[in-house]
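These notes are about the structure you will find just below.
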Amino acid sequence: MNFLQLFSDLEPLKRIDRVQTRFYYEGMVDVVFFTDAEFELYKALIYRESGITFTATNRSILESRLKEQLRTLGIDSVRAHYAKISSNKEALKSFLDSITTNLTRFFRNQAHFDALENHVIPELIKIKQGSNTIKIWSAGCSTGEEPYTIAMLLSEILPPLWKYEILASDISLKCLMTAKEGFYTDSRVVGIPDKYLKKYFDKVEGGYKVHADLMSKIRFDYHNLANDSGQRNLDLVFCRNVIIYFDETAQEAVINRFWDSMANKSFLFIGHSESLFGMKTKFEFVKTQWATFYRKYT
Ligand SMILES: C[S@@+](CC[C@H](N)C(=O)[O-])C[C@H]1O[C@@H](n2cnc3c(N)ncnc32)[C@H](O)[C@@H]1O
Numbered sequence: 685m686n687f688l689q690l691f692s693d694l695e696p697l698k699r700i701d702r703v704q705t706r707f708y709y710e711g712m713v714d715v716v717f718f719t720d721a722e723f724e725l726y727k728a729l730i731y732r733e734s735g736i737t738f739t740a741t742n743r744s745i746l747e748s749r750l751k752e753q754l755r756t757l758g759i760d761s762v763r764a765h766y767a768k769i770s771s772n773k774e775a776l777k778s779f780l781d782s783i784t785t786n787l788t789r790f791f792r793n794q795a796h797f798d799a800l801e802n803h804v805i806p807e808l809i810k811i812k813q814g815s816n817t818i819k820i821w822s823a824g825c826s827t828g829e830e831p832y833t834i835a836m837l838l839s840e841i842l843p844p845l846w847k848y849e850i851l852a853s854d855i856s857l858k859c860l861m862t863a864k865e866g867f868y869t870d871s872r873v874v875g876i877p878d879k880y881l882k883k884y885f886d887k888v889e890g891g892y893k894v895h896a897d898l899m900s901k902i903r904f905d906y907h908n909l910a911n912d913s914g915q916r917n918l919d920l921v922f923c924r925n926v927i928i929y930f931d932e933t934a935q936e937a938v939i940n941r942f943w944d945s946m947a948n949k950s951f952l953f954i955g956h957s958e959s960l961f962g963m964k965t966k967f968e969f970v971k972t973q974w975a976t977f978y979r980k981y982t
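Right under this line is the structure:
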């Protein structure tokens, strides 16, 4: 038996005392931190609970985020951590939060917002005769830049008497707190056109704060896309750069749940590097001069 086998055959961190554990962390993390069996356990739990898929390729991302969690929580064994998140819903939520990738920005993929302004909103105005409220869901909204972008744009372009309401949800409670606070540092508001920044934000120390009336158009809520949201009759769903972290089965399940939550004539935007190609779904692909997206037309 060689040195590596010896360590991978140990129940990691469990049979050793704290001094050795520290030695493990500082000297041998990459060798023994996480056995293949433990990786499989975490992988299965994360997938079951969120749809997020880890593979051999992105295993190192999970490892580094898990190490950070253990450090933050002061837990010195992977097994103890696994036992905790398997038996405690709040601990599981916080763990799932810690492994998410939350990169976002205002007006991310401008082409989508051009298509929204020039094609989708005019279509919805024609479709929604008799009702003057557009119901939108930003699913996987991260720290709020996406729903605030949609809100600014709709505030500008909707005809008088038309209203909109936005549900913005995420699995990350930390991100939702930032989103609800509506404070963004100077570097994060780059990308917001000047006229919008002046109209919808106040300059405060260190950054900008979203106006309360824009905030009031958005309801931020915790929602895990592994479950049905209970939403129905939505006119517009944005779920961009979220399903990229799921495998095909989980992606298809999420997309079909969107279908159920949407009105008979409605629109779906996914990230520009994501696609419904090859999936069993009834969404139609729409290509416009601005951007591509999907529609439900029944
Ligand atoms: C990369 S961000 C995308 C943010 C924004 N939609 C955009 O395109 O800029 C992905 C977000 O999806 C969220 N997410 C991942 N899995 C999720 C799940 N199962 N349920 C809800 N949100 C999830 C993450 O927490 C993260 O904030």
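Start counting at 1 in the sequence shown, then tack on 684, and there's your number in the working numbering. All C-beta atoms in this analysis are idealised placements derived from N, C-alpha and C, irrespective of residue type, glycine included. Owing to the predicted nature of the structure, the values given are computational and were not obtained by experimental measurement.
Nearest-angstrom Cα separation, counted from residue j out to residue i
{"i": "residue 772", "j": "residue 798", "result": "44 Å"}
{"i": "residue 928", "j": "residue 809", "result": "31 Å"}
{"i": "residue 872", "j": "residue 787", "result": "11 Å"}
{"i": "residue 742", "j": "residue 815", "result": "46 Å"}
{"i": "residue 960", "j": "residue 870", "result": "36 Å"}
{"i": "residue 778", "j": "residue 972", "result": "40 Å"}
{"i": "residue 892", "j": "residue 974", "result": "30 Å"}
{"i": "residue 951", "j": "residue 858", "result": "29 Å"}
{"i": "residue 948", "j": "residue 980", "result": "6 Å"}
{"i": "residue 789", "j": "residue 829", "result": "6 Å"}
{"i": "residue 968", "j": "residue 956", "result": "16 Å"}
{"i": "residue 836", "j": "residue 937", "result": "31 Å"}
{"i": "residue 851", "j": "residue 747", "result": "33 Å"}
{"i": "residue 880", "j": "residue 843", "result": "18 Å"}
{"i": "residue 918", "j": "residue 818", "result": "8 Å"}
{"i": "residue 756", "j": "residue 807", "result": "49 Å"}
{"i": "residue 899", "j": "residue 761", "result": "42 Å"}
{"i": "residue 701", "j": "residue 953", "result": "The predicted position of residue 701 is uncertain, since its pLDDT is 31 and thus under 50; a value taken from the coordinates is nonetheless stated next. If you take the alpha carbons of residue 701 and residue 953, they lie about 52 Å apart."}
{"i": "residue 717", "j": "residue 958", "result": "33 Å"}
Residue environment, residue i, which counts as buried when at least 16 other CB atoms sit within 10 Å
{"i": "residue 924", "result": "buried"}
{"i": "residue 833", "result": "buried"}
{"i": "residue 874", "result": "exposed"}
{"i": "residue 1023", "result": "For the chain, the structure presents residues 685 to 982; residue 1023 sits outside this window and is missing."}
{"i": "residue 831", "result": "buried"}
{"i": "residue 720", "result": "exposed"}
{"i": "residue 724", "result": "exposed"}
{"i": "residue 962", "result": "exposed"}
{"i": "residue 897", "result": "exposed"}
{"i": "residue 823", "result": "buried"}
{"i": "residue 982", "result": "exposed"}
{"i": "residue 745", "result": "exposed"}
{"i": "residue 978", "result": "buried"}
{"i": "residue 722", "result": "buried"}
Beta bridge counterpart(s) of residue i as assigned by DSSP
{"i": "residue 850", "result": "820, 902"}
{"i": "residue 952", "result": "921, 978"}
{"i": "residue 946", "result": "918"}
{"i": "residue 779", "result": "According to DSSP, which records beta bridges pairwise, residue 779 is partnered with nothing at all."}
{"i": "residue 894", "result": "885"}
{"i": "residue 930", "result": "736"}
Neighbourhood of residue i by C-beta, 6 Å cutoff - its chain only, sequence neighbours within 5 removed
{"i": "residue 862", "result": "827"}
{"i": "residue 895", "result": "884"}
{"i": "residue 782", "result": "749, 753"}
{"i": "residue 910", "result": "734, 735"}
{"i": "residue 931", "result": "737"}
{"i": "residue 706", "result": "Its pLDDT being 36, under 50, residue 706 is placed unreliably in this model, and the value from its coordinates should be taken loosely. Once the five neighbours on either side are set aside, residue 706 has no close Cβ partner at all."}
{"i": "residue 934", "result": "735"}
{"i": "residue 864", "result": "904"}
{"i": "residue 845", "result": "816"}
{"i": "residue 920", "result": "820, 951"}
{"i": "residue 795", "result": "974, 975"}
Secondary structure of residue i, DSSP reduced to three states
{"i": "residue 889", "result": "coil"}
{"i": "residue 940", "result": "helix"}
{"i": "residue 802", "result": "helix"}
{"i": "residue 745", "result": "helix"}
{"i": "residue 979", "result": "strand"}
{"i": "residue 740", "result": "coil"}
{"i": "residue 910", "result": "coil"}
{"i": "residue 717", "result": "coil"}
{"i": "residue 874", "result": "coil"}
{"i": "residue 958", "result": "coil"}
{"i": "residue 729", "result": "helix"}
{"i": "residue 762", "result": "helix"}
{"i": "residue 971", "result": "strand"}
{"i": "residue 791", "result": "coil"}
{"i": "residue 784", "result": "coil"}
{"i": "residue 756", "result": "helix"}
{"i": "residue 869", "result": "strand"}
Neighbourhood of residue i by C-beta distance below 8 Å, restricted to the same chain and skipping five residues each side
{"i": "residue 889", "result": "none"}
{"i": "residue 812", "result": "818, 919"}
Cβ neighbours of residue i in the same chain (closer than 7 Å, five flanking residues each side left out)
{"i": "residue 940", "result": "965"}
{"i": "residue 841", "result": "801, 805"}
{"i": "residue 908", "result": "734, 855"}
CB contact below 8 Å: residue i versus chain B
{"i": "residue 783", "result": "Of the protein chains in this structure there is only one, and it is not chain B."}
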